[in-house]
Amino acid sequence: MAKSLKIRTLDDRIVVQPLEAEETTAGGIVLPDSAQEKPQRGTVLAVGPGKLLDSGSRAELSVAIGDEVIYGKYSGSDIEIDDVEYKILRETEVLAKVVND
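Position 9 of the sequence shown, counted from 1, bears residue number 12 in this note's numbering, the numbering being contiguous throughout.
Structure, rendered in structure tokens:
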């Protein structure tokens with residue numbers, strides 16, 4: 004996980020660190036980097052203050068730092084900081100929050 008993330012997100016955007024892609028199949032076949040599917044799960048590292056409403060107040064976000072989320076395959080923007088890949092998404096691009104009971 005990032006030591007000190009130097010990003011301040013705006014409005015309803017969040018920064019997610021994607022989980023590592025699977026390197027082997029269920030049958031034990033090792034996949035090269037080009038064949039690995041991009042992960043669609045990650046950990047929230049930063050959240051914005053919320054979307055600005057017409058009333059001038061901010062809408063509260065449904066996700067918080069540390070939450071594990073699932074997002075769409077082509078959602079958000081990929082960025083790289085200090086050789087670590089991150090994804091910046093709008094909160095509406097998050098499909099679900101992973102709940103560990």
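Even glycine gets a Cβ: it sits at the ideal position worked out from N, Cα and C.
These numbers were taken from a predicted model, which means no experiment stands behind them.
Spatial distance of residue i from residue j (CA atoms)
i	j	result
residue 76	residue 43	6 Å
residue 91	residue 56	21 Å
residue 9	residue 59	27 Å
residue 101	residue 64	16 Å
residue 12	residue 84	14 Å
residue 93	residue 79	7 Å
residue 21	residue 81	10 Å
residue 15	residue 54	5 Å
residue 103	residue 45	14 Å
residue 52	residue 89	19 Å
residue 61	residue 49	17 Å
residue 86	residue 96	24 Å
Cut-off 8 Å between Cβ atoms - residues of its own chain near residue i, not counting five sequence neighbours on either side
i	result
residue 47	17, 18, 19, 66, 67, 68, 69, 70, 71, 72
Spatial neighbours of residue i in its chain, beta-carbon cut-off 7 Å, leaving aside the 5 residues before and after
i	result
residue 98	73, 74, 75
Residues sharing a beta bridge with residue i, DSSP
i	result
residue 87	84
residue 55	61
residue 18	49, 91
residue 44	73
Range of the contiguous beta strand (DSSP E) that encloses residue i
i	result
residue 76	No beta strand (DSSP E) contains residue 76, which DSSP labels as neither H nor E.
residue 99	97 to 100
Contacts around residue i, its chain only, beta-carbon distance under 6 Å, and the 5 residues preceding and following it disregarded
i	result
residue 23	none
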